[in-house]
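Protein chains in written order, with the numbering used here: chain A, 24 to 134; chain B, 35 to 150. Heads up, the beta-carbon is just placed ideally off N, CA and C, and yes, glycines get one too. Structure first, then comments.
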């Protein structure tokens, strides 16, 4: 079963612009992770934010987490055409080690 | 970093035949691996958890007799789609954690299965 929703489902922007994707989840979490998937490929881990953290940065990525609203956002600054991919948030189901994925956002960055 | 190798990347098989997909952790031991299924333009659905030396645990709604999982060693898990049908056509992806207490997961590159 899916953990939650992501919005928007699809996002198209120009190179250089910022892209913001949102993720909501339903149950309590230990951490939330964001992954990237290029078309027809496996997933690449981008960033992890723990439940006691509110914001985290990694290069051009900025992730926020609001546990009271059960939501997270991923901001990609100064986007590049190479950022074109699908982005998924994922949460662990309790302490099972199972990752449950959101619906994903498909990002297209036009050169 | 940790690497998970998944093979084959693409496979086409006839209805009624079985297909085996391998997932190997190349530079670490994985006591647990996870298998996901992904339909076009959709998210990943967790199918089962593969445990080394014991039976896999399946998510609700996943047919264990159709999707056979074997985790015979600390570096290899296999998913066998038995008596495949066109509706089994999908993208299958495995993942593993380098350590039980690690939060980072490494994913294989996926297998595109087409049943004709």
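query: In the DSSP assignment, what are the bridge partners of residue 124 of chain A?
result: BP columns for residue 124 of chain A point to A:113.
task: With distances taken Cα to Cα, identify the nearest neighbour of residue 41 of chain B among B:68, B:128, B:123.
output: For residue 41 of chain B, the nearest C-alpha among the options comes from B:128.
- request: Rounded to whole angstroms, what's the CA-CA distance from residue 105 of chain A to residue 131 of chain A? Just pull it up for me.
  value: Going by C-alpha positions, residue 105 of chain A is about 9 Å away from residue 131 of chain A.
query: Should residue 89 of chain A be labelled buried (16 or more other beta-carbon atoms within 10 Å of its own) or exposed?
result: It counts as exposed.
task: Whole angstroms is fine: what's the gap from residue 54 of chain B's alpha carbon to residue 141 of chain B's?
output: Between residue 54 of chain B and residue 141 of chain B, the C-alpha separation is close to 18 Å.
field: Per-residue burial, residue 121 of chain B [other beta carbons within 10 Å of its own, 16 or more giving buried]
entry: When all chains shown are included, residue 121 of chain B counts as exposed.
query: The beta strand (DSSP E) spanning residue 55 of chain A covers which residue range?
result: Note, residue 55 of chain A: beta strand (DSSP E), 54-60.
message: Cβ closer than 7 Å: which chain B residues qualify as neighbours of residue 121 of chain A?
response: Correct list: 68, 80, 83.
message: Counting only Cβ-Cβ distances shorter than 9 Å, please list the residues of the stretch 55-76 of chain A near chain B, keeping chain order.
response: Answer set for the stretch 55-76 of chain A: 56, 58, 60, 63, 64, 65, 66, 67, 68, 71, 73.
message: Please classify residue 32 of chain A as buried or exposed, where buried requires at least 16 other C-beta atoms within 10 Å of its C-beta.
response: Here residue 32 of chain A is exposed, its C-beta having fewer than 16 other C-beta atoms within 10 Å.
query: Quick one: Cα of residue 102 of chain B to Cα of residue 114 of chain B, how far?
result: Each residue's alpha carbon lies about 5 Å from the other.
- prompt: Under 8 Å between C-beta atoms, does residue 126 of chain A make it to chain B?
  reply: At a cut-off of 8 Å between beta-carbon atoms, residue 126 of chain A makes contact with chain B.
- request: Mind listing the chain A neighbours of residue 131 of chain B? Cutoff is C-beta to C-beta under 9 Å, in chain order.
  value: Here the neighbours are 120.
message: On the DSSP letters alone, give me the boundaries of the beta strand (DSSP E) that residue 85 of chain B sits inside.
response: Note, residue 85 of chain B: beta strand (DSSP E), 78-85.
task: Tell me whether residue 132 of chain B counts as near the ligand PLP, meaning its Cβ is closer than 7 Å to at least one heavy atom of that ligand.
output: Looking at this structure, you won't find the ligand PLP or any other ligand, since it has none at all.
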